[in-house]
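Trainee: Going down the list, the protein sequences come from chains L and G. Residue 1 is where the first sequence starts when you use the working numbering, and the numbers rise one by one after that. Residue 69 is where the second sequence starts when you use the working numbering, and the numbers rise one by one after that.
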Amino acid sequence: MTGSIAIIGYGLACIGPGIGIGLIFAALLNGIARQPEAAGLLRPQAIFGFAVAEALAILGFVLFFLAR
Amino acid sequence: MSFTAALALAPSFATEDGGSFEPPAPAEFYQPVGTLLGVEITRSMVLALVAFVILAVWLLSTTRKAAVVPSKAQWMTEQIYDFVRNGISRDMIGSKDFMRFTPLLFALFVFILLSNLFGSLPLANFPIMSRIGFPMALVLIVYVIYHAVGIQKHGLGGYFKSMVPPGLPKAMVPMIFILELSTFFLVRPLTLCLRLFGNMFAGHMLMGVFILGSTYMMLSGSIGLMAASVGGWVMTFLMQLLEFLIQAIQAYVFTMLAASYFGGAVADEH
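(1) Helix, strand or coil, according to DSSP, for Thr110 (chain G) in the structure here?
(2) Using a Cβ-Cβ cut-off of 8 Å, state whether Ala6 (chain L) counts as contacting chain G.
(3) If we define contact as Cβ-Cβ less than 8 Å, is Thr259 (chain G) a contact residue for chain L?
(4) Need the endpoints of the alpha helix (DSSP H) that Pro203 (chain G) sits in, please.
(5) Return the residue from the list G:Leu115, G:Met285, G:Asp336 and G:Val334 that minimises the CA-CA distance to Leu189 (chain G).
(6) What is the residue span of the beta strand (DSSP E) that Pro100 (chain G) lies within?
(7) With DSSP collapsed to three states, give me the class of Thr2 (chain L).
(8) Please state whether the Cβ-Cβ distance between Ala364 (chain G) and Val210 (chain G) is less than 8 Å.
(9) Would you decide whether Val137 (chain G) is buried or exposed? Buried here means 16 or more other CB atoms lie within 10 Å of its CB.
(10) In whole angstroms, give me the CA-to-CA distance for Arg51 (chain G) and Glu37 (chain L).
(11) Compare the C-alpha of Gly266 (chain G) against each of G:Ile148, G:Pro195 and G:Phe151 and name the closest.
(12) Following the continuous alpha helix (DSSP H) through Ala141 (chain G), name the residue where it begins and the one where it ends.
(13) From the beta carbon of Leu59 (chain L), is the nearest beta carbon of chain G less than 8 Å away?
(14) With a cut-off of 8 Å, does the C-beta of Ile47 (chain L) fall near any C-beta of chain G?
(15) Whole angstroms are fine: how far does the CA of Phe312 (chain G) sit from the CA of Met144 (chain G)?
(16) DSSP three-state label for Gln315 (chain G), please.
(17) Looking at C-beta atoms only, is the number of pairs between the segment 119-135 of chain G and the segment 177-188 of chain G that lie closer than 8 Å three or more?
(18) Using a Cβ-Cβ cutoff of less than 7 Å, which residues in the same chain neighbour Ser80 (chain G) once the five nearest sequence positions on both sides are dropped?
(19) Hey, Asn184 (chain G) and Gln308 (chain G) are a contact pair by Cβ (cut 8 Å); roughly how many whole angstroms apart?
(20) Got a sec: which bits of the segment 89-105 of chain G sit with their beta carbon under 8 Å from any beta carbon on chain L, in order along the chain?
(21) Please confirm whether Pro36 (chain L) has its beta-carbon closer than 8 Å to some beta-carbon of chain G.
(22) Using a Cβ cut-off of 8 Å, pull out every chain L residue sitting near Met324 (chain G), in sequence order please.
(23) Looking at chain G, is there any beta carbon in it that lies within less than 8 Å of the beta carbon of Phe25 (chain L)?
(24) Please classify Ala192 (chain G) as buried or exposed, where buried requires at least 16 neighbouring CB atoms within 10 angstroms.
(25) Just checking, does the segment 56-68 of chain L make contact with the segment 3-16 of chain L on the three C-beta pairs under 8 Å criterion?
(26) Taking the beta carbon of Ile19 (chain L) as the centre, do at least 16 other beta carbons fall within 10 Å, making it buried, or is it exposed?
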């Protein structure tokens, strides 16, 4: 069996952003459930947070290709 | 990306029957189609030109005879413009300065959206932004503009001063300043560029893996693998739906982040 250990490393690195993005949308759903009329206000902020959390996974993705 | 389109339009993705499974490699995103005046033309460049022509024709034809009671096409254009103007630009920049930036943001949004959708549309079947030069060029525009408007607003010294929020303890100021400086000059353009590139590149490659893997299993000749390929095709379909969602969200996120950088640069003192 051959391959690059970097693949496993990238998989592990995705756990963090994955949990982070989950928390962000969980908080968004919580917020909308508590105050449905605030949904329009909350959603851009949530996607903003999602983009920032996702950047970490993307950086890992690039480093994965650098490490190959 | 349908199966026949994948085989017909991305010949480098096709498998050889009987051989072992070869997953798509990053090198397959480099697809030169010829040279023009000594400059190599790639598939991305041709598609970017096509996207430009489509957008120009669409926008000109729907806004040329703009009427108070809009036609269906004009109504659709207005809805998309309204989404960018009110949903992104005004929300992020504030109602004072947003009209200066709205045309740029609208152009960015429709161009990125169409070029991302090209990754899944038959005939095009290649996301323009999966070649890093294209997101780089877009980010360069955003990068220059948000620094320029920030310096225009605050003055050169005031711009650097505005990076540090007021009211910090004296000892914290140098540390926060260095952190903010790297955010403004390195992290923002880097993440903005890599996010768009990484998503389009990884998404297209993932679709390649799913389609090639399913095709390979389907043509393998062994009953077990052929049965498993049904699950593979179902997953391919579901991943394709997710891919459409990601393509739209990435266009939205890019435009929104650009708007928030502009908004931060023109904001008054905290």
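Just so it is clear, CB atoms sit at the ideal spot from N, CA and C, and this is done for glycine as well.
Mentor: Straight from the coordinates:
(1) Correct three-state label for Thr110 (chain G): strand.
(2) No Cβ of chain G is located within less than 8 Å of the beta carbon of Ala6 (chain L).
(3) yes
(4) Here the alpha helix (DSSP H) through Pro203 (chain G) covers Gly201 to His222.
(5) G:Leu115
(6) Pro100 to Leu104
(7) Three-state DSSP puts Thr2 (chain L) in coil, outside helix and strand.
(8) An answer regarding residue 364 (chain G) cannot be provided, because it is not within the stretch 69 to 338 covered by chain G.
(9) exposed
(10) With chain G running from 69 to 338 in the structure shown, residue 51 (chain G) is simply not present.
(11) G:Pro195
(12) Lys140 to Asp150
(13) Taking CB atoms only, Leu59 (chain L) has a neighbour in chain G less than 8 Å away.
(14) yes
(15) 20 Å
(16) helix
(17) Yes, since at least three Cβ pairs between the segment 119-135 of chain G and the segment 177-188 of chain G fall closer than 8 Å, the two stretches touch.
(18) With a pLDDT of only 42 at Ser80 (chain G), under the threshold of 50, the placement of this residue in the model should not be trusted; the figure read from the coordinates follows. Closer than 7 Å at the Cβ level, and outside the excluded window around Ser80 (chain G), lie Glu96.
(19) Contact doesn't hold; Cβ gap of about 13 Å is too wide.
(20) Taking 8 Å as the Cβ-Cβ cut-off against chain L, the residues of the segment 89-105 of chain G that qualify are Pro94.
(21) no
(22) Pro44, Ile47, Phe48 and Ala51
(23) no
(24) buried
(25) yes
(26) exposed
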